[in-house]
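> Each residue of the sequence shown is one higher than the one before, counting from 65 in my numbering. Dropping a structure here in C-alpha cells format, bear with me for questions.
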Amino acid sequence: MEYLPHRDSFDEDLITEDDKKRIDVPFFSLNSILVATENFSNASKLGRGGFGPVYKGKFLGGTDMAVKRLSSNSGQGVEEFKTEVMLIAKLQHRNLVRLLGYCVERNEKILLYEYMPNKSLDTFLFDHAFCRLLDWRIRFEIILGIARGLLYLHQDSRLRIIHRDLKTSNILLDEEMNAKISDFGLARIVEGKNTEANTNKVVGTYGYMSPEYALEGLFSIKSDVFAFGVVLLEIVSGRRNMEFFEDVNLIGHVWRLWMKDSALDMMDQTIVESCDESEVLKCVNVALLCVQEDPAERPVMSNVVFMLGGESITLPRPNQPAFIARRNSAGASTSSSSSKLYNTSNNGLTITQRVGR
Numbered sequence: 065m066e067y068l069p070h071r072d073s074f075d076e077d078l079i080t081e082d083d084k085k086r087i088d089v090p091f092f093s094l095n096s097i098l099v100a101t102e103n104f105s106n107a108s109k110l111g112r113g114g115f116g117p118v119y120k121g122k123f124l125g126g127t128d129m130a131v132k133r134l135s136s137n138s139g140q141g142v143e144e145f146k147t148e149v150m151l152i153a154k155l156q157h158r159n160l161v162r163l164l165g166y167c168v169e170r171n172e173k174i175l176l177y178e179y180m181p182n183k184s185l186d187t188f189l190f191d192h193a194f195c196r197l198l199d200w201r202i203r204f205e206i207i208l209g210i211a212r213g214l215l216y217l218h219q220d221s222r223l224r225i226i227h228r229d230l231k232t233s234n235i236l237l238d239e240e241m242n243a244k245i246s247d248f249g250l251a252r253i254v255e256g257k258n259t260e261a262n263t264n265k266v267v268g269t270y271g272y273m274s275p276e277y278a279l280e281g282l283f284s285i286k287s288d289v290f291a292f293g294v295v296l297l298e299i300v301s302g303r304r305n306m307e308f309f310e311d312v313n314l315i316g317h318v319w320r321l322w323m324k325d326s327a328l329d330m331m332d333q334t335i336v337e338s339c340d341e342s343e344v345l346k347c348v349n350v351a352l353l354c355v356q357e358d359p360a361e362r363p364v365m366s367n368v369v370f371m372l373g374g375e376s377i378t379l380p381r382p383n384q385p386a387f388i389a390r391r392n393s394a395g396a397s398t399s400s401s402s403s404k405l406y407n408t409s410n411n412g413l414t415i416t417q418r419v420g421r
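Right, here's the structure in full:
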C-alpha cells in the first residue's frame, strides 16, 4: 500500500528547539513509522481517536506501539498537539497511558503510545458479548484505577491538569485489564493553586460535560469529577449516559431509582451474581455525589478515592444532579423536578438544573 501524505501543510516551526528541550520522549522518523504500520494500512488500523486514526505499529526489537496520526482536518491544532506531547511526556502513573515518542515530519504530526491490547473500556462495556468478560471485581478495579489516575492529574503530579474529555472511550485497558486514562489533546494546565478556568470554546463530549462547562464554558477539576461520575454510572449499569429511560438519561434514571431506594435495579444484569451489593451501592452513591448540580458540592478526587477504597464509611447523601430530559411530542421538556431548562444542542435534548437549593 502506497503512503499518502496529508495535503494540507502545517507550520514548519510546529516544534521549536525550546519545545524539543522540554519534551522528555524520543523523536521517531516518519520512515520508521511507515515501516511499522505498513504505510498506515487498514490492516494495522485500530480505530479512531478524538483527533485522528490510531494504528498498531511493530517497531524494531518487537515493540508494539499505538500510533496516533493527527488528521489534517481534525479539530486538534498546533497548540493542542504541542500540549499533548509536552504534557504526557511529563506524566508518569500506572493509570495513565505512557507516551513513548513523537514525530513531526512531512506535514505529519504523530504520537506514539504504549500499546493497549484490550483497546478501550467502551468496546467491552457496551458490547452484549464482551461485557460478560467484565465481572464485578474487574469493573471495581477499573473504577479505582480511573479514580487514582484522575487524582494524580489533579493533585499528585508536578502539574495540576484538567483532562476535559474523560469518557469510556478514553479509558484504555492493558493485558491485565488495568485502566489507563488516554487522549490528552484537550487537557489544560491550571497554574498554582487554581482549580478552574474559563473558555469561550467549549470542547468535549456531550453526556460527560458538566452543566457549568457546557453552558458557561467554566471548566475545573470539578468538571472532571462530574465526568468521572458519569463513567462510574456507565460501568455499573453497562448503559450509556445518553441512552434514554422514558424521558430522562442515565443520570436521571439512576436518581429516580435512588430516591425510591431501588438503586440496585440499575445494575448490569451480567454482574448480578459476581457483585458485592454493598460495593455497588457505594459506587452509585459516590457517582451521584460526583454529578451533583453544584460543583462546590462535588467531592475532590482524593475524597472519591478514600470513599471508594474505605470500608464501614458513612457516605453523605447526594443532592439532585443535573440531568438531561427528552422533549415530549408537544415540544415541552419533561423533568422529575421543578427546573429551569437550558437548550444545549439542536437534537431536542435539554439539561435540567434545579432552581434554588
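Glycine included, each C-beta is placed from N, C-alpha and C at the ideal position. Every value quoted in this text rests on a predicted model; they were computed, and no experiment measured them.
1. Which two residues bound the contiguous beta strand (DSSP E) that contains Thr127?
2. My output table needs one value for Glu81: the three-state DSSP class, helix, strand or coil.
3. Let me make sure I understand the geometry here. Which of Met129, Val369 and Cys354 has the alpha-carbon closest to that of Pro385?
4. At the level of alpha carbons, what is the spacing between Tyr270 and Asn305?
5. Give the list of continuous alpha helix (DSSP H) stretches no shorter than 4 residues that lie fully inside the segment 178 to 202.
6. Return the first residue and the last residue of the alpha helix (DSSP H) that Pro275 is part of.
7. If Gln156 and Met365 are in contact, beta carbons under 8 Å, what's the gap, nearest whole angstrom?
8. Out of curiosity, what's the CA-to-CA distance linking Ser93 and Thr127?
9. In this structure, how does DSSP classify Cys167 when only helix, strand and coil are distinguished?
10. Pairing CB atoms from the segment 316 to 334 with CB atoms from the segment 241 to 254, are three or more of them under 8 Å?
11. Taking buried to mean at least 16 other C-beta atoms within 10 Å of its own C-beta, is Arg381 buried or exposed?
12. Going by beta carbon distance, what residues of the same chain come within less than 7 Å of Ser376, once the five residues before and after it are set aside?
13. Quick check on this structure: which residue in Glu239, Leu163, Ala243 and Gly121 has the alpha carbon closest to the alpha carbon of Trp205?
14. Are the CB atoms of Gly121 and Asp247 nearer to each other than 7 Å?
15. What is the rounded straight-line gap between the Cα of Leu223 and the Cα of Lys154?
16. May I ask you to report which of helix, strand or coil DSSP gives Val254?
17. Report the rounded CA-to-CA distance for Tyr216 versus Phe145, giving the unit in angstroms.
18. Excluding the five sequence neighbours on either side, which residues of its own chain have a C-beta within less than 6 Å of the C-beta of Ser108, listed in chain order?
19. Would you call the CB atoms of Ala327 and Val348 closer than 7 Å?
20. Return helix, strand or coil for Lys55, following the three-state DSSP convention.
21. Going by C-alpha to C-alpha distance, which of Pro359, Ala351, Ile226 and Val300 sits closest to Ile335?
22. Whose C-beta lies closer than 6 Å to the C-beta of Gly165 among residues of the same chain, with five residues either side of it excluded?
23. Note down the Cα distance separating Phe387 from Gly293, rounded to an integer number of angstroms.
24. Please classify Ser284: does DSSP put it in a helix, a strand, or coil?
25. Give the single residue among Ile226, Ile97, Asp311 and Thr80 whose Cα lies nearest to the Cα of Lys132.
26. In terms of residues, what are the limits of the alpha helix (DSSP H) holding Arg112?
In short:
1. Translated into the one-based positions of the sequence shown, residue 127 becomes position 63. Unbroken beta strand (DSSP E) run through Thr127: Thr127 to Arg133.
2. Within the sequence shown, residue 81 is the residue found at index 17, counting from 1. If DSSP states are grouped into helix, strand and coil, Glu81 belongs with the helices.
3. As a first step, residue 385 must be located in the sequence shown, where it is residue number 321. It is Cys354.
4. One-based indexing of the sequence shown puts residue 270 at position 206. One-based indexing of the sequence shown puts residue 305 at position 241. Going by the C-alpha atoms only, they are around 9 Å apart.
5. 185 to 189
6. In the sequence shown, residue 275 corresponds to position 211, counting from 1. Element bounds for Pro275: Pro275 to Glu280.
7. The residue labelled residue 156 in the question sits at position 92 within the sequence shown. The residue labelled residue 365 in the question sits at position 301 within the sequence shown. Gln156 to Met365, Cβ: 18 Å. No contact.
8. Working through the sequence shown from its first residue, we reach residue 93 at position 29. Working through the sequence shown from its first residue, we reach residue 127 at position 63. Near 16 Å, if we compare the C-alpha coordinates of Thr127 and Ser93.
9. Position 103 of the sequence shown, counted from the start, is the residue given in the question as residue 167. DSSP places Cys167 in strand when its eight states are reduced to three.
10. no
11. Here residue 381 refers to the residue found at position 317 when the sequence shown is read from its first residue. Label assigned to Arg381: exposed.
12. For the purposes of this step, residue 376 is taken as residue 312 along the sequence shown, with counting starting at 1. Contacts found: none.
13. Position 141 of the sequence shown, counted from the start, is the residue given in the question as residue 205. Here residue 205 is Glu; the residue named in the question, Trp, does not match the sequence. Glu205 has its Cα closest to that of Ala243, out of Glu239, Leu163, Ala243 and Gly121.
14. The count along the sequence shown starts at 1 and reaches residue 121 at position 57. The count along the sequence shown starts at 1 and reaches residue 247 at position 183. Not closer than 7 Å, so no.
15. Within the sequence shown, the letter at position 159 stands for residue 223. Within the sequence shown, the letter at position 90 stands for residue 154. Rounded to whole angstroms, Leu223 to Lys154 spans 9 Å at the Cα level.
16. Translated into the one-based positions of the sequence shown, residue 254 becomes position 190. Three-state DSSP puts Val254 in a strand.
17. Here the question's residue 216 lines up with position 152 in the sequence shown. Here the question's residue 145 lines up with position 81 in the sequence shown. The straight-line gap from Cα to Cα measures roughly 22 Å.
18. Mapped onto the sequence shown, residue 108 falls at position 44. Answer for Ser108: Thr101, Glu102, Tyr119 and Lys120, listed in chain order.
19. Here the question's residue 327 lines up with position 263 in the sequence shown. Here the question's residue 348 lines up with position 284 in the sequence shown. Contact flag set, yes.
20. Residue 55 is absent from the structure shown; the chain starts at 65 and stops at 421.
21. For the purposes of this step, residue 335 is taken as residue 271 along the sequence shown, with counting starting at 1. Closest option to Ile335, Cα to Cα, is Val300.
22. By 1-based counting over the sequence shown, the position of residue 165 is 101. So the qualifying residues of the chain are Val89, Pro90, Phe92 and Leu176.
23. For this step, residue 387 is matched to residue 323 along the sequence shown. For this step, residue 293 is matched to residue 229 along the sequence shown. Computed Cα separation, rounded: 12 Å.
24. Residue 284 sits at position 220 when you count from the first residue of the sequence shown. Residue state, collapsed to three classes: strand.
25. One-based indexing of the sequence shown puts residue 132 at position 68. Per the Cα distances, Ile97.
26. Your numbering for residue 112 matches position 48 in the sequence shown. From DSSP, Arg112 is part of no alpha helix (DSSP H) but of the beta strand (DSSP E) over Lys109 to Arg112.
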